[in-house]
Every structure is written in C-alpha cells, then in structure tokens.
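**Student:** FYI, the numbering used here numbers position 108 of the sequence shown as 108, with every residue one higher than the one before it.
For every residue, glycine included, the Cβ atom is placed at its ideal position computed from N, Cα and C.
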Amino acid sequence: MPLAKIEVRGAFSVEVRDGLIEAVYEAQREALRVPVDDRHIRYLEYPAEHFSVADPGASTVLVEITIFPGRSADAKRSLFASIARRFAALGVSPDDLIVVLNEPPLEDWGLHGVPATDVDLGFDLDV
C-alpha cells in the first residue's frame, strides 16, 4: 500500500500529469510488486515562486513514496530506475528528479482502524 506524492515546480499538460501518475504506479507494480489497483498517488503543482531550488531554470520533480518496510536494496534501485526511465519518456530529465522513500514500521500504519501488524496485507513485502 504505497502512498505516493508527486510534487512539481511549474505545471505540466494534463497528458504529462496523467503520465507521471501512471509512471509511478507502474514502477511500483514492477519494482515493489504491489497488487493490482493498489493506487494511492497524489499530484501537486507549485508556482515556481513557491518552490525554491538551486537551479531556477530546472523543472524539478519530487516523488515521495511511503511504503511498508521490507523491500530489498535491489527492489529500491529498480524502483528508482523505473521511475526515472518512465519520467524521461514523458520529457522529465533524470537530472530534474528526486525520489525519496519513507519506511515507517508496520505498527505505525493504521489500516481500517487497527495497526498494520494486525492485518493480513495479502501480499509479500520480501521483494
């Protein structure tokens, strides 16, 4: 159940926006093996003056994904590469991309009113 947030400096077309959302979803499916339709992705655009970066000419894109712990370093490498490859196909340079993973312990996730440690997740975290 990854929770993903895509934050962009500036604005993209509807087609690119939808493509970025789909790219993150497909990368999670490929690299983390999340179940079909496990999709929780937010997209936020900021005016350039509200998003300070070192290179004011860059179209910076930040992707932050909160995931259950347990994925291997190789799965994470695969996720980063897949997002970069898919974003590049949409015109976002890997030089303008930052991806961060957060992995709070299962007891810090509340699902349906109970800790995730008390829920059958229905999929393997050992990827």
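From W109 to G70, what distance separates their C-alpha atoms?
**Tutor:** Taking the straight line from one Cα to the other gives about 14 Å.
**Student:** How close, in whole Å, do the beta carbons of A48 and S78 come, if the pair is a contact with beta carbons under 8 Å?
**Tutor:** Their Cβ separation, rounded to whole angstroms, is 32 Å, which puts A48 and S78 out of contact at 8 Å.
**Student:** From the DSSP output, read off the bridge partner residues of G110.
**Tutor:** DSSP output for G110 lists P115 as bridge partner(s).
**Student:** Applying the 10 Å Cβ sphere with the 16-neighbour rule, what's the burial state of D55?
**Tutor:** Burial call: exposed.
**Student:** Hey, how far is the Cα of F68 from the Cα of A116?
**Tutor:** About 9 Å.
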